[in-house]
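**Q** Just so it is clear: in the sequence shown, position 166 is 166 by the working numbering, and no numbers are missing.
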Amino acid sequence: MAAMAFMHYLPNGKVCTIPVMKPAPLDILPATSVAHALSLLGEHGDQARLIAGGQSLMPILAMRLAAPAILIDINGIADLRGIRLEADGSVLIGALTRHRDLERSPLLAERLPLIAAAMPWIAHVQIRNRGTLGGSLSHADPAAELPALCIALCATIELHSPRGVRQIAADDFFQGVFATARADDELLTAVRVPATTPAQRWAFIELARRHGDFALCGIALTADCSPTGAVTQARIVVFGVSDCPRRLPHLESAIVGSAPSPASIDQAMQSLDTVEARSDHHASSEYRLELLATLARRALRQAFGFDERTAP
Ligand SMILES: Cc1cc2nc3c(=O)[nH]c(=O)nc-3n(C[C@H](O)[C@H](O)[C@H](O)COP(=O)(O)OP(=O)(O)OC[C@H]3O[C@@H](n4cnc5c(N)ncnc54)[C@H](O)[C@@H]3O)c2cc1C
């Protein structure tokens with residue numbers, strides 16, 4: 001019988017065929033605390049990988065794109081789980097919080113409706129039941145939603161290592177295809193999202209070939225407004241188009257300073273940034289750029305109430 005195979009799409013757009021296999025033999029070490037996970041990471045170095053929901057790592061292991069001798073399972077670390085409102089109004093989300101818990105959290109629905117609205121766009125419910133916030137941010141797929149949401153919401157990412165704790169702005173965390181500022185011996189422990197003001201406008205929109213697939217292009221947007229409705233600052237983030245989520249600073253500047261109207265949004269679209277778009281078997285760079293222009297305009301119209309929001 002012919003062996004089954006995965007088509008694997010490389011970051012440069014080329015395709016290679018990989019036979020379906022099982023992971024290479026490995027040991028799983030359950031970590032019981034953050035300190036324990038760090039000590040296991042230090043002890044086993046590049047022989048080990050952390051595993052959270054396994055929704056990105058397990059396919060990688062099954063295709064033997066990585067073959068660590070040890071998996072450090074962080075699922076038993078209760079301190080890494082949960083969503084908490086802080087005294088300053090910000091929201092602290094543990095790295096091990098599952099996508100489905102983000103989707104169904106009443107606190108997020110009230111305080112960070114952008115996250116609640118975006119979660120149903122991620123994969124399928126079975127994957128959201130296991131996938132975690134920390135896993136998605138650490139994996140840093142260019143088309144993943146959570147990295148873009150963290151940038152749009154001005155979030156800070158918390159990392160623990162034997163050297164202590166450091167906080168890094170989401171703006172600085174994502175550095176390329178599957179590349180982040182996280183060092184190999186660091187554990188991503190939490191994300192802190194500043195309080196959303198009632199005057200903050202937001203929108204989320206993406207397009208994928210089929211529901212549940214990674215986005216060909218998506219936009220996550222926040223805009224703070226003055227009491228008169230004028231935009232005081234904006235964050236417009238595109239994902240799925242280039243190597244990692246990118247802000248669109250020219251478009252952001254173009255909508256700051258006045259209360260948007262359909263005409264001023266059309267005008268602002270003339271300032272749409274030039275983005276280096278990738279081509280792959282899913283879509284050409286030209287198509288992704290067309291989508292970017294269409295979705296950015298729609299996101300702005302939705303954020304300011306000129307169009308209905310798009311549901312997945
Ligand atoms: C069919 C399918 C469709 C999908 N579609 C989408 C989609 O549309 N959008 C989307 O965003 N995602 C999608 N995903 C990915 C899914 O959301 C993953 O769950 C998520 O990206 C990774 O989270 P995880 O907890 O499963 O991480 P894991 O797979 O356990 O780990 C991923 C990587 O992160 C590292 N890691 C995990 N946790 C930590 C931590 N706390 N600190 C440091 N490193 C850590 C691991 O070592 C590993 O390198 C899809 C997955 C599948 C299988």
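Ideal Cβ placement from N, Cα and C applies to all residues, glycine included.
Assign F214 to one of three DSSP states: helix, strand, or coil.
**A** The residue you call residue 214 lines up with position 214 of the sequence shown. In this structure, F214 counts as coil in the three-state DSSP scheme.
**Q** Measuring from the CB of T132, is there a heavy atom of ligand 2 at a distance below 7 Å?
**A** This structure lacks ligand 2; the ligands present are ligand 1.
**Q** Hey, out of F204, P198, A169 and R163, whose CA is closest to D184's CA?
**A** Along the sequence shown, read from residue 1 onward, the residue named residue 184 stands at position 184. It is R163 whose Cα lies nearest to the Cα of D184.
**Q** I'd like to confirm something about H99: is its beta-carbon nearer than 7 Å to some heavy atom of ligand 1, or not?
**A** Along the sequence shown, read from residue 1 onward, the residue named residue 99 stands at position 99. The answer is yes for H99.
**Q** Which residue's Cα is closest to the Cα of L85: L153, P262, L107 and D266?
**A** If you number the sequence shown from 1, residue 85 lands on position 85. Nearest of L153, P262, L107 and D266 to L85, Cα basis: L107.
**Q** Just how far apart, CA to CA, sit P113 and V191?
**A** By one-based count along the sequence shown, residue 113 stands at place 113. By one-based count along the sequence shown, residue 191 stands at place 191. The alpha-carbon atoms of P113 and V191 are separated by roughly 16 Å.
**Q** Who are L207's beta bridge partners in DSSP?
**A** The sequence position of residue 207 within the sequence shown is 207, counting from 1. Partner(s): C217.
**Q** Answer yes or no: the CB of Q302 versus the heavy atoms of ligand 1, is any distance below 7 Å?
**A** Here the question's residue 302 lines up with position 302 in the sequence shown. Not so, every heavy atom of ligand 1 lies at least 7 Å from the Cβ.
**Q** Does DSSP put H160 in a helix, in a strand, or in coil?
**A** Counted from its first residue, the sequence shown places residue 160 at position 160. Here H160 sits in strand by DSSP.
**Q** Between which two residues does the beta strand (DSSP E) holding I51 run?
**A** Translated into positions along the sequence shown, residue 51 becomes position 51. Per DSSP, I51 belongs to the beta strand (DSSP E) from A48 to I51.
**Q** Give the DSSP-derived three-state secondary structure of Q200 in the structure shown.
**A** To locate residue 200, count along the sequence shown from 1; it is residue 200. Looking at Q200 - three-state DSSP - the assignment turns out to be strand.
**Q** Between L300 and A118, what straight-line distance do the alpha-carbon atoms span, to the nearest angstrom?
**A** Reading the sequence shown from its first residue, position 300 is the one you call residue 300. Reading the sequence shown from its first residue, position 118 is the one you call residue 118. Roughly 16 Å separates the two Cα atoms.
**Q** Quick one: what does DSSP say C244 is sitting in, helix, strand or coil?
**A** Along the sequence shown, one-based indexing puts residue 244 at 244. Here C244 sits in coil by DSSP.
**Q** Run the proximity test for R182: is its beta-carbon closer than 7 Å to any non-hydrogen atom belonging to ligand 1?
**A** As a first step, residue 182 is located in the sequence shown; it is residue number 182 there, counting from the start. Yes, Cβ of R182 sits closer than 7 Å to a heavy atom of ligand 1.
**Q** Taking the CB atoms as reference points, tell me whether T260 and F204 lie closer together than 8 Å.
**A** The sequence position of residue 260 within the sequence shown is 260, counting from 1. The sequence position of residue 204 within the sequence shown is 204, counting from 1. Here residue 260 turns out to be Pro, not Thr, going by the sequence shown. Cβ distance not < 8 Å, so P260 and F204 don't count as in contact.
**Q** Is the region 116-131 in contact with the region 32-43, if contact means three or more CB pairs nearer than 8 Å?
**A** In short, these stretches do not touch, since the Cβ pair count stays below three.
**Q** So the candidates are E276, L251 and S279; which of them puts its Cα closest to the Cα of A268?
**A** In the sequence shown, residue 268 corresponds to position 268, counting from 1. Residue L251 is the option with its Cα nearest to A268.
**Q** Are the CB atoms of A296 and I236 within a distance shorter than 8 Å?
**A** Walking along the sequence shown from the start, residue 236 turns up at place 236. Walking along the sequence shown from the start, residue 296 turns up at place 296. Cβ distance < 8 Å, so I236 and A296 count as in contact.
**Q** When the distance is taken between beta carbons, is A66 closer than 8 Å to R60?
**A** The residue given as residue 60 occupies position 60 in the sequence shown. The residue given as residue 66 occupies position 66 in the sequence shown. With the sequence shown as reference, residue 60 is identified as Ile, and Arg is not the correct amino acid for it. Against a cut-off of 8 Å, the Cβ pair of A66 and I60 comes out as a contact.
**Q** Can you tell me whether G94 is helix, strand or coil according to DSSP?
**A** Taking the sequence shown and counting its residues from 1, the one referred to as residue 94 is at position 94. Residue state, collapsed to three classes: strand.
**Q** Which partner residues of G176 appear in the DSSP bridge assignment?
**A** Stepping through the sequence shown from its first residue, residue 176 is reached at position 176. Beta-bridge pairing links G176 to A179.
**Q** Run through DSSP, which three-state label would L292 get?
**A** For the purposes of this step, residue 292 is taken as residue 292 along the sequence shown, with counting starting at 1. In the structure shown, L292 sits in a helix (DSSP, three-state: H, G or I).
**Q** Would you call T232 buried or exposed, if buried means 16 or more other Cβ atoms sit within 10 Å of its Cβ?
**A** Position 232 of the sequence shown, counted from the first residue, corresponds to residue 232. By the neighbour-count rule (16 or more Cβ atoms within 10 Å), T232 is not buried but exposed.
**Q** Give the DSSP-derived three-state secondary structure of C150 in the structure shown.
**A** For the purposes of this step, residue 150 is taken as residue 150 along the sequence shown, with counting starting at 1. It is helical.
**Q** Across the region 90-105 and the region 121-136, are there enough close Cβ pairs to call them in contact, namely three or more that are closer than 8 Å?
**A** Cβ pair count under 8 Å is three or more, so yes.
**Q** Tell me where the alpha helix (DSSP H) around A35 begins and ends.
**A** Within the sequence shown, numbered from 1, the residue matching residue 35 stands at position 35. Unbroken alpha helix (DSSP H) run through A35: V34 to H44.
**Q** Is DSSP giving I77 helix, strand or coil here?
**A** Taking the first residue of the sequence shown as 1, we reach residue 77 at position 77. I77 falls in the coil class under three-state DSSP.
**Q** Closest by CA to A62, which one among R98, A24 and D88?
**A** One-based indexing of the sequence shown puts residue 62 at position 62. Looking at the Cα atoms, A24 is the closest of the given residues.
**Q** Counting only the same chain and skipping the five closest in sequence on each side, list residues whose C-beta sits under 8 Å from that of S90.
**A** Locating residue 90 in the sequence shown gives position 90, where the first residue counts as 1. So the list reads R192, V193, P194 and A195, once near-sequence residues are dropped.
**Q** Use the C-beta contact count for T274: other C-beta atoms within 10 angstroms, 16 or more gives buried, fewer gives exposed.
**A** Within the sequence shown, the letter at position 274 stands for residue 274. T274 should be labelled exposed.
**Q** Okay, do the region 199-216 and the region 171-184 touch, 3+ Cβ pairs below 8 Å being the bar?
**A** They do not touch, by the three-pair rule.
**Q** List the endpoints of the continuous beta strand (DSSP E) containing P227.
**A** Indexing the sequence shown from 1 puts residue 227 at position 227. Taken as a continuous stretch (DSSP letters only), P227 belongs to no beta strand (DSSP E), as it is neither H nor E.
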